[in-house]
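Per the working numbering, the sequence shown starts with residue 15, numbered consecutively. The beta-carbon is built from N, C-alpha and C at its ideal position, and this holds for glycine as well.
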Amino acid sequence: MSAAAALVAQAAALRAQADVLEALAATLPGAGGDELLGVAECSERFGVGRDALKGASERGELAVTRGVRGKLLVRRSALEAWLESKPVRSAVRGEEWAA
């Protein structure tokens, strides 16, 4: 076997190992793009600030954790689920708005 053929075979084996590792990683908790967001990201992407996050956490509505340096962190999927659980009400009539 030539050196080039050996390298091609080795590359194919590495690609197969990478596929297996990616499949395993997809089964881990938090996989699938469920990133941890800080307060700045929550505010930018969803319009939810520090006080709202802390209040939801204190009421047991949202799991908020602290990072190694004390930064508030929340999973994107948990934040989205929490926001979807909050009905929008009309300030005038107190009725829910149709989505």
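In the three-state reduction of the DSSP assignment, Leu87 falls in the strand class. Boundaries cannot be given for Glu49, as no alpha helix (DSSP H) includes it and DSSP labels it neither H nor E. In chain order, Met15 place their CB closer than 8 Å to the CB of Ala23, counting only its own chain and leaving out the 5 sequence neighbours on each side.
One Cα belongs to Leu76, the other to Glu55, and the distance between them is close to 16 Å. The Cβ-Cβ distance between Leu51 and Arg90 falls below 8 Å. Bridge pairing for Arg80: Leu86 [DSSP]. Closest by C-alpha distance to Gly69, out of Leu93, Ala25, Ala19 and Gly81, is Leu93. Per DSSP, Glu72 is one residue of the alpha helix (DSSP H) stretching across Arg64 to Glu72.
Using a Cβ distance threshold of 8 Å, Val78 and Val62 do not count as a contacting pair.
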